[in-house]
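Heads up, the thing below is written out as structure tokens.
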Amino acid sequence: MYDIADIQDIPPFSMDKMEKERFLTGILGELTAHHYERCPKYRRILDAWPFDVDGIEHYRDIPYLPVRLFKEYDLRSVGELEVVKQMTSSGTTGQQVSRIFLDKETATNQTKILTKIVSDFIGTKRLAMIILDTASVLKDRNMFSARGAGILGYSIFASQKVYALDEEMHIDFDALDAFLKDHEGEEILLFGFTFMVWQHFYKELARSNRSLDLSRGILIHGGGWKKLADEAVDNVTFKAELQRVCGLSRIYNFYGMVEQTGTVYMECEQGHLHASVFSDVIIRNPWDFSEAPVGEDGLIEVVSVLPKSYPGHALLTEDMGRILGEDDCPCGRKGKYFSIGGRIKDAEVRGCSDAYAAKFT
Amino acid sequence: MHMQPSSHNLNLLIPTDSEIGSIQAARPREPFDDDTIAFLDELSKRLLAEPSSRAYPDVVTFAFWIRKGRMREYRKEYRERHPGERRLGRGVVFHIAPSNVPINFAYSMVAGMLAGNANIVKVPSRDFPQAALLCSVIDDLLHQKRWEAIKESLALVKYDRSKNEWTDYFSSFCDVRVIWGGDETIEDVRRSVIPARSFDICFADRYSLCVINADELVKEQDIASVARSFYNDTYLFDQNACTAPHLVVWLGSEQNKQRAKDLFWDTVKEITGIEYDLPAVMAVDKLMAFCREAIEAGQVQRELMQNNTVMRIRLEELPQDVVKVRSLGGYFNEYDAECHDEIVPLVTKKFQTLSYYGLEKSDLQDFIVHYRLVGIDRCVPIGRTLDFDLVWDGWDLITAMSRIIG
Numbered sequence: 051m052y053d054i055a056d057i058q059d060i061p062p063f064s065m066d067k068m069e070k071e072r073f074l075t076g077i078l079g080e081l082t083a084h085h086y087e088r089c090p091k092y093r094r095i096l097d098a099w100p101f102d103v104d105g106i107e108h109y110r111d112i113p114y115l116p117v118r119l120f121k122e123y124d125l126r127s128v129g130e131l132e133v134v135k136q137m138t139s140s141g142t143t144g145q146q147v148s149r150i151f152l153d154k155e156t157a158t159n160q161t162k163i164l165t166k167i168v169s170d171f172i173g174t175k176r177l178a179m180i181i182l183d184t185a186s187v188l189k190d191r192n193m194f195s196a197r198g199a200g201i202l203g204y205s206i207f208a209s210q211k212v213y214a215l216d217e218e219m220h221i222d223f224d225a226l227d228a229f230l231k232d233h234e235g236e237e238i239l240l241f242g243f244t245f246m247v248w249q250h251f252y253k254e255l256a257r258s259n260r261s262l263d264l265s266r267g268i269l270i271h272g273g274g275w276k277k278l279a280d281e282a283v284d285n286v287t288f289k290a291e292l293q294r295v296c297g298l299s300r301i302y303n304f305y306g307m308v309e310q311t312g313t314v315y316m317e318c319e320q321g322h323l324h325a326s327v328f329s330d331v332i333i334r335n336p337w338d339f340s341e342a343p344v345g346e347d348g349l350i351e352v353v354s355v356l357p358k359s360y361p362g363h364a365l366l367t368e369d370m371g372r373i374l375g376e377d378d379c380p381c382g383r384k385g386k387y388f389s390i391g392g393r394i395k396d397a398e399v400r401g402c403s404d405a406y407a408a409k410f411t
Numbered sequence: 025m026h027m028q029p030s031s032h033n034l035n036l037l038i039p040t041d042s043e044i045g046s047i048q049a050a051r052p053r054e055p056f057d058d059d060t061i062a063f064l065d066e067l068s069k070r071l072l073a074e075p076s077s078r079a080y081p082d083v084v085t086f087a088f089w090i091r092k093g094r095m096r097e098y099r100k101e102y103r104e105r106h107p108g109e110r111r112l113g114r115g116v117v118f119h120i121a122p123s124n125v126p127i128n129f130a131y132s133m134v135a136g137m138l139a140g141n142a143n144i145v146k147v148p149s150r151d152f153p154q155a156a157l158l159c160s161v162i163d164d165l166l167h168q169k170r171w172e173a174i175k176e177s178l179a180l181v182k183y184d185r186s187k188n189e190w191t192d193y194f195s196s197f198c199d200v201r202v203i204w205g206g207d208e209t210i211e212d213v214r215r216s217v218i219p220a221r222s223f224d225i226c227f228a229d230r231y232s233l234c235v236i237n238a239d240e241l242v243k244e245q246d247i248a249s250v251a252r253s254f255y256n257d258t259y260l261f262d263q264n265a266c267t268a269p270h271l272v273v274w275l276g277s278e279q280n281k282q283r284a285k286d287l288f289w290d291t292v293k294e295i296t297g298i299e300y301d302l303p304a305v306m307a308v309d310k311l312m313a314f315c316r317e318a319i320e321a322g323q324v325q326r327e328l329m330q331n332n333t334v335m336r337i338r339l340e341e342l343p344q345d346v347v348k349v350r351s352l353g354g355y356f357n358e359y360d361a362e363c364h365d366e367i368v369p370l371v372t373k374k375f376q377t378l379s380y381y382g383l384e385k386s387d388l389q390d391f392i393v394h395y396r397l398v399g400i401d402r403c404v405p406i407g408r409t410l411d412f413d414l415v416w417d418g419w420d421l422i423t424a425m426s427r428i429i430g
């Protein structure tokens, strides 16, 4: 099994297709055997798949578990006592949430790799950081929600930090003004979840008669566009409006999920999401789950070298997306770059049973 | 009795020009009375003459079903079963049709009419063109003087599921309430009280299976038509009709089973590959169901197919709770049985339709009675599971919705 020390210093966007395929196939193959041995539920799935753990020729052949499986089952490849952290997805009330079990090693590796990837975009220097959320998200330290985990994860880039929203989710202008004054002339890092940034920061700021100068800011945001799509706000509008209300011009969206924390997909200056050497996306045609060619829409599978304490190294998401290219993004980063097309739609099912509809409402 | 709610929440489709409450004054008829049969025959002719009907095979099937000839056959069978018996309808039947099948409401309505009742029919709140077509043709007919008596005893309504005051109101005076839908819908409707002597006929969520005799299937000349029959049973309603099989049990010699399965599924897959539009969410759901089943049941094996339209899970043994592991849009558990006795421990009250190929209906009926099974209400040849019949889900609808004059 690989040691993180051997791979963490590989520059995250340095490998071309051939090299990366060999690299990932080796590690992901090892992880498959590791989970097969240690997680009985995973083993049952692979046995029924059917799949030969010893015959992996390419990581695209590794069975991909539907992400929803983590909402229904506790899946881990370590003993209960080794779990140091349980993370949950941020579902709305009543929704089932994913439960992800981390041991010390996996938790540490997540932070290490996240740092490597994000540093490629914002540099390695620690910055004063504004979190576009409320501090109360972090109240319960035992249960790490995706929101809390994101905030904590990105806090490693901070020399000093402030929360932009109070408990009632209103902008704390006084705190922000003071913070900005303290760090006048410095680059400022901002972090938040896309919807929170839009709903509670952008909208309130646009409505208010206060002004904030964030022209030296770098915003990193993620968490999905589903709610904003309902308001017909896309990435272009999002960027333009934030620039308009507070001068923010360096805005990076990211794609990631609590099931594969650490191996995040950051948006480059061209507006493309990038896969680092530590993870990859495979677009699968819903018709037969075969790999879709560049430019074709399909279900996004994500693979990651990080999940060691739970069998989440190859996951089929419910997001649609398409590969835009590989190794040739004008930004200079190697690896696949892609775009997200939103969540798959609930089907209007025919038939007399209402069991299916109920599941989605 | 409940007050009639204010009418703005109700869409009275038929009759368009009278009061909904007046239906309570309608008098019952004898089952299969001439007037009703004549009306249905006229409706059949109008539907078949309607050019837009051709786009909807379900409308055409319905139109054929209500022809005079077919209805008279039903009457003959009925009279033979009940010689000399005098009956009248029970009064007013309130039908709540399933929300995701376009014209199921029409079949329910016809059963209520044939039994001699006045009928209030809640059509699906979703807009189906088939339902709209049917309603407009019925409405046209009811404007003719000839069908005045029918008009007094028929109301088609549409209202939002959340508008319970209408369910309360119709329930408060109906003599029989027919509820189609999942278990949750039924529970919901049952909160509306019906009069002391009234009762519900509920068509709840069910589970169905298919039994295929491989020894016969390998001799079949027209395997395509067998596969087509199975496709119609299953995929026409996304495997979400209660009649759609989720378990396929294979009988016959080992050798024939293997050959029959290859032949059968290859042919089914040819049809689904061309005709079935599999939504992405269903492909993921099926993968999810498979993972769940692998974790829970253990002794299962997925059969690799070329695409996701057909997902087959081979069971090494029959689990007790096979009912729980189903998915939609073409997800099948398969089991090789030595003989059909093996399914006995499996059958619960949830089992509805057993469709078969290469077996005798009477043998299957004997089998169910012999083992005194608590479930399986009907045995029909493969391809016939969706055919509506006046005996449904173990109910004889005509006798259930009429009263004996002793």
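Respectively, the protein sequence lines represent chains A and B. 72 is the number that my numbering gives to position 22 of the first sequence; each next residue is one higher, with no gaps. 354 is the number that my numbering gives to position 330 of the second sequence; each next residue is one higher, with no gaps. Glycine included, each C-beta is placed from N, C-alpha and C at the ideal position.
Same chain only: Cβ atoms within 8 Å of residue i, ignoring 5 sequence neighbours per side
i, result
"SER46(B)", "GLU176"
"ARG150(B)", "SER123, ASN124"
"GLY278(A)", "For the sequence presented, residue 278(A) should be read as Leu rather than Gly. THR244, PHE245, TRP248, ASP284, PHE288, listed in sequence order."
Neighbouring residues, chain A, relative to residue i (Cβ below 7 Å)
i, result
"MET133(B)", "In chain order: nothing, as chain A lies at least about 16 Å away."
"MET312(B)", "PRO116, ARG118, LEU119"
Contacts of residue i in chain A (Cβ-Cβ under 8 Å)
i, result
"CYS16(B)", "For chain B, the structure presents residues 25 to 430; residue 16(B) sits outside this window and is missing."
"ALA307(B)", "PRO336, TRP337, PHE339, LEU349"
"GLN330(B)", "ASP338"
Boundaries of the beta strand (DSSP E) in which residue i is found, first to last residue
i, result
"SER357(B)", "Per the sequence shown, residue 357(B) should be read as Asn rather than Ser. Note, ASN357(B): beta strand (DSSP E), 355-360."
"TYR231(B)", "231-237"
"PRO343(A)", "Neither: PRO343(A) is in no beta strand (DSSP E) and is coded neither H nor E."
"PRO269(B)", "269-275"
"ASP183(A)", "177-184"
"HIS364(B)", "Element bounds for HIS364(B): n/a, residue is neither H nor E."
"CYS1(B)", "Lying before the first or after the last residue shown, residue 1(B) is absent from chain B, which here runs from 25 to 430."
Span of the alpha helix (DSSP H), counted from its first residue to its last, around residue i
i, result
"ASN33(B)", "Looking at the DSSP string, ASN33(B) is not in any alpha helix (DSSP H), and its letter there is neither H nor E."
"MET137(B)", "128-138"
"GLU317(B)", "304-321"
"ILE301(A)", "Not the alpha helix (DSSP H): ILE301(A) falls in the beta strand (DSSP E), residues 300-305."
"SER431(B)", "Outside the displayed range of chain B (25 to 430) lies residue 431(B), so it cannot be described from this structure."
"ASN159(A)", "154-172"
"LYS358(A)", "Careful: LYS358(A) lies outside any alpha helix (DSSP H) and carries neither H nor E."
"MET329(B)", "MET329(B) -> no alpha helix (DSSP H), and no H or E assigned at all."
Same chain, Cβ closer than 7 Å to residue i, five either side skipped, listed in chain order
i, result
"GLY418(B)", "ASP401"
"ARG99(B)", "PHE56"
"LEU96(A)", "TYR86, VAL103, PRO113"
Interface residues of chain B facing residue i [CB-CB closer than 9 Å]
i, result
"LYS395(A)", "PRO303, ALA304, VAL305"
Close-in-space but distant-in-sequence residues of the same chain around residue i (CB under 6 Å, 5 per side omitted)
i, result
"ILE332(A)", "ARG110, GLU341, GLU351"
"SER139(A)", "VAL147, SER148, ALA196, VAL308"
"THR409(B)", "ASP257, THR267, THR377, SER379"
"LEU115(A)", "LEU365"
"ALA405(A)", "With a pLDDT of 37 at ALA405(A), under the threshold of 50, the predicted position of this residue should be treated as unreliable, and no value is reported."
"SER1(B)", "Absent from the structure is residue 1(B), since the part of chain B shown begins at 25 and ends at 430."
Chain-ordered neighbours of residue i on chain B, where CB pairs are closer than 7 Å
i, result
"TYR123(A)", "ILE319"
"TRP19(A)", "Lying before the first or after the last residue shown, residue 19(A) is absent from chain A, which here runs from 51 to 411."
Per-residue contacts from residue i into chain A (C-beta, under 9 Å)
i, result
"GLY322(B)", "ARG94, ASP97, ALA98"
Per the contact definition of three or more C-beta pairs closer than 8 Å, is the stretch 172-180 of chain A in contact with the stretch 71-90 of chain A?
The stretch 71-90 of chain A makes no contact with the stretch 172-180 of chain A: fewer than 3 CB pairs, one atom from each, lie closer than 8 Å.
At a CB distance below 7 Å, what residues from the stretch 343-369 of chain A approach chain B? Give them in sequence order.
From the stretch 343-369 of chain A, only LEU349, LEU366, GLU368 have a Cβ closer than 7 Å to chain B.
At least three beta-carbon pairs within less than 8 Å, the stretch 122-141 of chain A to the stretch 86-95 of chain A
Short answer: they touch.
Check distances from the C-beta atoms of the stretch 157-177 of chain B to those of chain A and list, in chain order, the residues that come in under 8 Å.
Taking 8 Å as the Cβ-Cβ cut-off against chain A, none of the residues of the stretch 157-177 of chain B qualify.
With 8 Å as the limit, tell me which residues of the stretch 78-93 of chain A have their beta carbon closer than that to any beta carbon of chain B; keep them in chain order.
Against chain B - using a Cβ distance shorter than 8 Å - the residues of the stretch 78-93 of chain A are LYS91.
Do the stretch 282-297 of chain B and the stretch 236-253 of chain B touch if we need at least three Cβ pairs shorter than 8 Å?
The stretch 282-297 of chain B is in contact with the stretch 236-253 of chain B.
Do the stretch 268-279 of chain B and the stretch 356-364 of chain B meet, that is, are 3 or more Cβ pairs less than 8 Å apart?
Contact holds between the stretch 268-279 of chain B and the stretch 356-364 of chain B, because three or more Cβ pairs, one in each stretch, are under 8 Å apart.
Do the stretch 316-325 of chain A and the stretch 359-369 of chain A meet, that is, are 3 or more Cβ pairs less than 8 Å apart?
Touching, no, given that fewer than three Cβ pairs across the two stretches are closer than 8 Å.
Decide if the stretch 104-115 of chain B is in contact with the stretch 75-86 of chain B; the criterion is three or more beta carbon pairs, one per stretch, under 8 Å apart.
The stretch 75-86 of chain B and the stretch 104-115 of chain B do not touch, with fewer than three beta-carbon pairs separated by less than 8 Å.
Specify whether the stretch 135-155 of chain B and the stretch 109-124 of chain B touch according to this definition: at least 3 beta carbon pairs, one from each stretch, less than 8 Å apart.
The stretch 135-155 of chain B is in contact with the stretch 109-124 of chain B.
Counting Cβ pairs closer than 8 Å, one from the stretch 320-335 of chain B and one from the stretch 233-243 of chain B, do we hit at least three?
Between the stretch 320-335 of chain B and the stretch 233-243 of chain B there are fewer than three C-beta pairs closer than 8 Å, too few to call the two in contact.
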